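Counting from 1 along the sequence shown, just add 281 to a position and that's the residue number in our numbering.
Please read the structure below before turning to the comments.
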Amino acid sequence: MNKQTLLFGIGGMVVAVLLVFFLSKSNSSIPQPETFQTNNVAPSQTVSAEVSGTESGTINEQQTLGESSMNKPPEMQIDQNKSYSAVFKTSEGDITIKFNPVQTPITVNNFVSLARDGFYNGTIFHRVIEGFMIQGGDPEGTGAGGPGYQFADEPFTGEYTRGTVAMANAGPNTNGSQFFIMHQDYPLPKNYVIFGQVVEGLDVVDKIAAAETKSGMSNEKSTPVNPVKIENVEINEE
């Protein structure tokens, strides 16, 4: 092996090592929808949620769990042969979401049932990150609440593109009531079940995402100073 070949080989290995380093660093900087747990547990218990890609890097947040309000997921009440949509009446305007009951019937049924029961009325978008997503569905408004039960993930379909609606969770099969709407396309891992898409009101999503924020419990600057309220959710069936 001559000297030129040896130098070329060493140079190639250095480039490969640097490429792996920067790719791994890029992937670790992707923020995640804040996790939560809604199991039937005492309020004094906590759950650790890891949120990466924030101003302070990786954050381990201890969230206090609230009292459960229900014991189990709702019985199936939607018809997969029909189409379903929801109109969010918010303090910033309306957002219309079209659901996917064929591929995610359990998740859609859960949301439709909660909405029909008025569960989301008066709740807020408690976590907003411009260029990423807006998160809501917590009756406590802290990121720690839920309906008092969990249900399993359905098979993943779709991509986390602008206007996509997906479930927030605390790990596999821990869905409850919290959801998020993508503000912009983002390369999230496929860990959050997509069950709908914003078809009207992306300008309202933009307004919510652009709201002034402050640091919360985790020091992540994503807590709205003046949270946008979901006044009510109207479910349409066709």
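The C-beta atom is built at its ideal place from N, Cα and C for all residues, glycine as well.
None of the values given here were measured: they were computed from a predicted structure.
| Item | Value |
| --- | --- |
| Which same chain residues end up closer than 7 Å to T423 when comparing Cβ atoms and leaving out the 5 residues on each side of it in sequence? | H407 |
| Would you mind reading off the limits of the alpha helix (DSSP H) that contains P386? | 386 to 397 |
| Which stretch, first to last residue, makes up the beta strand (DSSP E) that contains A367? | 365 to 371 |
| Which of the three DSSP states is assigned to D434 in this structure? | coil |
| Quick check: E501 and V474, are their CB atoms within less than 8 Å of each other? | no |
| Thinking just about the alpha-carbon of each residue, which of F476, S364, I387, P508 is nearest to the one in E519? | S364 |
| Rounding to the nearest angstrom, what Cα-Cα distance links P386 and I359 in this structure? | 8 Å |
| In terms of residues, what are the limits of the alpha helix (DSSP H) holding N485? | Checking the displayed sequence, the identity of residue 485 turns out to be Val instead of Asn. Residues 483 to 490. |
| With a CB to CB cut of under 6 Å and the five nearest residues on each side skipped, what residues in its chain are close to N454? | A433, D434 |
| Where does T442 land, buried or exposed, given buried means 16+ other C-beta within 10 angstroms? | exposed |
| Taking the alpha-carbon of N352 as reference, which of P428, G403, S458 has the nearest alpha-carbon? | P428 |
| Which stretch, first to last residue, makes up the beta strand (DSSP E) that contains T423? | Premise fails: T423 is in no beta strand (DSSP E) and is neither H nor E. |
| Near G439, which residues of its chain fall below 7 Å by C-beta distance, leaving aside the five closest residues on each side in sequence? | T445, I475 |
| Could you pull out every residue in the same chain whose Cβ sits closer than 6 Å to the Cβ of P382, ignoring the five residues on either side in sequence? | I359, Q361, Y365, V389 |
| Leaving out five residues before and five after K510 in sequence, what residues of the same chain have Cβ atoms less than 7 Å from its Cβ? | T371, S372, G403, I405 |
| Is it right to say P505 is buried, meaning 16 or more other beta carbons lie within 10 angstroms of its own, or is it exposed? | buried |
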